[in-house]
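Visitor:
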Amino acid sequence: MTEVLLLHLRCADEIVLCYSECPWGTPKNTTISCSLADVMSEQLAKELQLEEENSAFPEVVSVVEGSLISGDNIDTSSDLMLAQMLQMEFDREYDAQLRREEKKFNGDSKVSISFENYRKVHPFEDSDSSEDEVDWQDTRHDPYRADKPTTTPKRGFIGKGKDITTKHDEVVCGRKNTARMENFAPEFQVGDGIGMDLKLSNHVFNALKQHAYSEERRSARLHEKKEHSTAEKAVDPKTRLLLYKMVNSGMLETITGCISTGKESVVFHAYGGSLGEEAKSVPSECAIKVFKTTLNEFKNRDKYIKDDYRFKDRFSKLNPRKIIRMWAEKEMHNLTRMQKAGIPCPEVVTLKKHILVMSFIGQDQVPAPKLKEVKLNSEDMKKAYYQVLHMMQQLYKECSLVHADLSEYNMLWHGGQVWLIDVSQSVEPTHPHGLEFLFRDCRNVSQFFQKGGVSEALSERDLFNAISGLNFTADNEVDFLAEIEALEKINEDHVQNRGKKVSLYSSDEESPPAFCNK
Ligand code: ATP
Ligand code: MN
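Residues -15 to 502 (the numbering used here) are what the sequence shown spells out, left to right.
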């Protein structure tokens, strides 16, 4: 908080003025009837609207346009965002304090008093609650399923003087219920029942009301999800806050711009700062991979993680947002293993939620070209091939990993050698589909180098055997894949029978791939 404020003091005087009066004391101008957060979110909404209408935001923020986020130079147009961030931080801190006080107040008492109503951040706005209830968790249980048991609705007044019409009278009540449907959200289609003499029983009315309410919440959530998602063009406010914090802490000096918006991430370039005296130094140039918080991409890709025994136990318990963080975590662990084995790859600097900071492969803000893009002469092409062959072997044997998305798109050419990137989906060879992924990698690599004129390049099947140490003999792809799948099956049964628990983090403790020749 103090850090953000300090940064603020340096950079945005107007907001500081506003804030010195607001969160730290009672505002002088008491005519404002709603909270600052409300005002600002309205402004943000308008701004977003404008932005969308003009679609003036560039597809990819050019690296040369100047820094996006820097310690010394903050674009004043982001004051609003800064203010929001500040408010968000303040609200969170306030709530944390409230929780502490609530705990202290209640102590061990069996009857406790909730301070919930005094919270600043409404539970639905809080990232750790509302954002977590998304997508497939919702669809696992039918959201429209009626949870309440079907009971006969209570009849109004029964007993002496039965003919007195009370407000509980079925007919009166039914008509009233029908009329009250008008109060449902405008999007909720109630049909033309309102115009008819329709008597809606309390039970039906309540079920409808419940449905209308959950529909309303669902659409609000969809809207919110859209706003909160890390879209193609920019990052959501929470991601920006995390990025600001990195700059504030001095770890990064400047975030200069976006270098790629890929399938699963947005990658930024940054100049490194320092992590403090004792800590290891931050590379002079960094790449920041922000994993996209839109979930669609990840739904298709969860096979890479849910069958990975390292993450299996956790996967089933997690919500989608946390799974996305796990992707970032997975990339970090895989890169660390590769680094240990001496494979040329980005060096991990830090991981914060869904943001992975690593060393930048390239120079002066220009990322190294992909093998796909670079035109190598035949000598370099051959050199690159042998490097890739060696790296694949190291990856398999020493890191116990299969890249699982290896191709000329995920290999960079820098300083006369090949660098491997994009390993969030990499799995251990014992993964139920690990060998199939390896075969696919081999196919991409073989095809690329064969087309590139490297006569020594092994065929995909020979490459597969060379990497895995297996000796499959099928002379066509279909049979070869069948052999692979059969072995995967045997291995999976074996693993299941063993029920072995293996550690997630330390590659030293993990055993090398458990495959043997048939
Ligand atoms: P894609 O869908 O394009 O494969 P992705 O979401 O899988 O993207 P990456 O492949 O890891 O993400 O990164 C996307 C691009 O960003 C890379 O092709 C590369 O150009 C650039 N990039 C990523 N990491 C680095 C790095 N450490 N140094 C330099 N450039 C990088
Ligand atoms: Mn990639």
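Beta carbons are placed, not taken as given, at the ideal position from N, Cα and C, and that holds for glycine.
In whole angstroms, give me the CA-to-CA distance for E100 and M72.
Guide: 17 Å
Visitor: Does DSSP classify I345 as helix, strand or coil?
Guide: coil
Visitor: Following the continuous alpha helix (DSSP H) through V231, name the residue where it begins and the one where it ends.
Guide: P221 to N232
Visitor: Do Y369 and the ligand MN come close, with the Cβ less than 7 Å from some heavy atom?
Guide: no
Visitor: Report buried or exposed for R305, applying the criterion of at least 16 other Cβ atoms within 10 angstroms of its Cβ.
Guide: buried
Visitor: Please return the same chain residues whose Cβ sits closer than 7 Å to the Cβ of P330, not counting the five positions on each side in sequence.
Guide: A271, L319, M342, S343, I345 and I405
Visitor: How about S258 and V274: are their beta carbons less than 8 Å apart?
Guide: no
Visitor: Hey, would you say the C-beta of G453 is under 7 Å away from at least one heavy atom of the ligand MN?
Guide: no
Visitor: Buried or exposed for V251, please, with buried defined as at least 16 other CB atoms from any protein chain shown within 10 angstroms of its CB.
Guide: When all chains shown are included, V251 counts as buried.
Visitor: At which residues does the beta strand (DSSP E) containing C270 begin and terminate?
Guide: From DSSP, the beta strand (DSSP E) with C270 extends over E269 to F275.
Visitor: Applying the criterion that 16 or more other CB atoms from any shown protein chain within 10 Å of the CB defines a buried residue, is R482 buried or exposed?
Guide: exposed
Visitor: Is F433 near Y369, with beta carbons less than 8 Å apart?
Guide: yes
Visitor: Pick helix, strand or coil for Q409, following the three-state DSSP scheme.
Guide: coil
Visitor: Assign T238 to one of three DSSP states: helix, strand, or coil.
Guide: It is a strand residue.
Visitor: Helix, strand or coil: how does DSSP classify G9 here?
Guide: Since pLDDT at G9 reaches only 46, below the 50 mark, its modelled position is unreliable, and no value is offered.
Visitor: Between N318 and the ligand MN, is there a pair consisting of the residue's CB and a ligand heavy atom that are separated by less than 7 Å?
Guide: no
Visitor: From S391 to T245, what does the alpha carbon distance come to, in whole angstroms?
Guide: 18 Å
Visitor: Using the Cβ count rule (16 or more neighbours within 10 Å means buried), how would you classify R197?
Guide: Here residue 197 is Tyr; the residue named in the question, Arg, does not match the sequence. Per the 10 Å Cβ criterion, exposed.
Visitor: Are there 16 or more other CB atoms within 10 angstroms of the CB of K480, so buried, or fewer, so exposed?
Guide: Looking at the sequence provided, one finds Gln at residue 480 rather than Lys. Exposed, because fewer than 16 other Cβ atoms sit within 10 Å of the Cβ of Q480.
Visitor: So, with DSSP's three-state summary, where would you put K354?
Guide: strand
Visitor: In whole angstroms, give me the CA-to-CA distance for Q378 and I468.
Guide: 21 Å
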